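Terminal number for the sequence shown in this note's numbering: 401, no gaps in between. Every residue, glycine too, gets a C-beta built ideally from N, C-alpha and C. None of the values given here were measured: they were computed from a predicted structure. Data first, discussion second: the structure below is written as structure tokens.
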Amino acid sequence: MTPQLHPVEKERLEALHSLGLLDSQKDERFERFVRLAKALCDVPIAAVSLVDVNRQWFLGCAGLGVSETSREISFCGHAILEKSVLYIPDTKADLRFPVTPWSLETPTFGFMQVAPCICQVIYLSARSALLILMPEH
């Protein structure tokens with residue numbers, strides 16, 4: 265299911281673009297951060313994702329092998345609508361994600377947790393998300 269737009273989508277996108285991070289060179293600090301998150305949480309994938317108009321772009325990613333995905337299939341497109349952690353006990357049972365590549369991958373993702381990160385930019389807020397996927401238990 266395509267994520268809804270954020271209630272202040274225009275302002276969110278302006279703030280996101282003002283950061284100048286989209287399509288930037290890979291920063292080893294973010295890469296180290298996601299590798300550490302992946303190791304500490306003992307998960308197959310960890311990422312810092314920036315949700316743009318039609319895509320999510322990975323500022324840092326460990327274990328996925330892509331630099332961006334369509335917003336339509338993103339977990340993070342849903343996570344930025346939340347004020348707290350988006351917790352999905354079973355991604356295959358959640359109607360928002362019935363046929364995403366992530367729900368069909370092997371190993372499949374069962375439990376998933378995404379924490380929205382709020383970055384204050386002047387008077388606007390841009391939301392990105394930390395994506396951590398857990399293997400099926």
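Got a sec? Which residues, its chain only, sit under 6 Å from residue i by beta carbon, not counting five neighbours each side?
{"i": "Thr-370", "result": "Residue confidence for Thr-370 is low, a pLDDT of 44 falling below 50, so the modelled location carries little weight and cannot support an answer."}
{"i": "Gly-341", "result": "Pro-267, Val-315 and Arg-335"}
{"i": "Ile-352", "result": "Asp-358 and Met-376"}
{"i": "Thr-333", "result": "Gln-320"}
{"i": "Pro-271", "result": "none"}
{"i": "Glu-273", "result": "none"}
Contact defined as beta carbons within less than 8 Å: I believe residue i pairs with residue j. What is the distance between those atoms, to the nearest angstrom?
{"i": "Leu-314", "j": "Leu-345", "result": "Leu-314 to Leu-345, Cβ: 15 Å. No contact."}
{"i": "Gln-320", "j": "Ser-338", "result": "4 Å"}
{"i": "Gly-327", "j": "Lys-302", "result": "6 Å"}
Leaving aside the five residues before and after residue i along the sequence, list all residues of the same chain whose C-beta is less than 7 Å from its C-beta, in chain order.
{"i": "Ala-343", "result": "Leu-350, Val-378, Pro-380 and Ala-393"}
{"i": "Cys-325", "result": "Val-298 and Ala-311"}
{"i": "Arg-293", "result": "none"}
Leaving out five residues on either side along the sequence, give the residues of the same chain with a beta carbon under 8 Å from the beta carbon of residue i.
{"i": "Val-317", "result": "Leu-277 and Arg-335"}
{"i": "Asp-287", "result": "Trp-321"}
{"i": "Ser-331", "result": "Trp-321, Phe-322 and Cys-325"}
Every unbroken alpha helix (DSSP H) inside the stretch 295-350 [4 residues or more]: 340-343
Quick test of the definition: if touching needs 3 or more C-beta pairs under 8 Å, does the stretch 289-306 touch the stretch 267-275? no
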